[in-house]
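A.B. asks: Counting in numbering that gives the first Met the number 0, the sequence shown runs from 0 upward without gaps.
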Amino acid sequence: MKELVARIRQDGKNLGNGILKVDSFINHQVDPELMDLCGQELARRFANVDATKVLTAEISGIAPALLTALPLGLPVVYARKTKPVTMPDQVYLTLAPSHTKGRMVELIISPEHLDEGDRVLIIDDFLASGATIMGLVRLAQTAGARIVGIGTLIEKTFEGGRDLLEQLGVPVESLAVITSMDEDQITFADS
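(1) Can you give the Cα-Cα distance for Q184 and N13, rounded to whole angstroms?
(2) Mind checking V136: buried by the 16 CB within 10 Å criterion, or exposed?
(3) With 16 as the cutoff for other CB atoms within 10 Å, does G148 come out buried or exposed?
(4) Along the chain, where does the alpha helix (DSSP H) that runs through V136 open and close?
(5) Can you have a look at M180 and say buried or exposed, based on whether 16 or more other CB atoms are within 10 angstroms of its CB?
(6) Have a look at G168, F157 and E154 and flag the residue whose alpha-carbon is nearest the alpha-carbon of I146.
(7) Can you give the Cα-Cα distance for L41 and G150, rounded to whole angstroms?
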């Protein structure tokens, strides 16, 4: 998606070790107009998967998930990283490595919001190694739900996550595909 790629070129920062800083427009400060465009595009790409819920991980996945779910008329469920007192004792829980935090994080979903028979569209900010998204897949499968698609804003192909996700046999879509982050450069698939 040309608007997202242009914004990454303008404001994204390659911090080294495969870390792309986009916190001025995606995951600390959010550009609502850009996120709306991204959500509309992801909704268009997944309009025919008959999803019943959109699933993401807090916090960076919430904005793109919400703005994808809005035109599809779907609720958004997000995996929490800490269990609030309002959540029931029995939860769906898995662990996933966080590249930016440098440690394992918990992903927790209340069984009240993910049901057997749900058709789940996973939306997240990044597809890198695929570990966080696979954590979301495990949570959905534990609930008896079926994954029908996976969409991300930014994919870093050099981390191999797509290969892992394609084994699920569902459509995988990314709006900006980065093929390399060598030295200070950010190279896109369309370059």
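A virtual CB, placed ideally from N, CA and C, is assigned to each residue, including glycine. Predicted, not measured: the structure shown is a model, and the values here were computed from it.
C.D. replies: The relevant details are as follows:
(1) Reading the sequence shown from its first residue, position 185 is the one you call residue 184. Reading the sequence shown from its first residue, position 14 is the one you call residue 13. Those two C-alpha atoms are separated by around 7 Å.
(2) Here residue 136 is taken as the residue at index 137 of the sequence shown, counted from 1. Around the Cβ of V136, a 10 Å sphere holds 16 or more other Cβ atoms; the residue is buried.
(3) Position 149 of the sequence shown, counted from the first residue, corresponds to residue 148. Buried.
(4) Position 137 of the sequence shown, counted from the first residue, corresponds to residue 136. V136 -> alpha helix (DSSP H) spans A130 to T141.
(5) For the purposes of this step, residue 180 is identified with residue 181 of the sequence shown, where counting begins at 1. By the Cβ neighbour-count rule, M180 is buried, with 16 or more other Cβ atoms within 10 Å of its own.
(6) In the sequence shown, the residue the question calls residue 146 occupies position 147. It is G168 whose Cα lies nearest to the Cα of I146.
(7) Counting from one through the sequence shown, the residue named residue 41 turns up at place 42. Counting from one through the sequence shown, the residue named residue 150 turns up at place 151. Between L41 and G150, the C-alpha separation is close to 7 Å.
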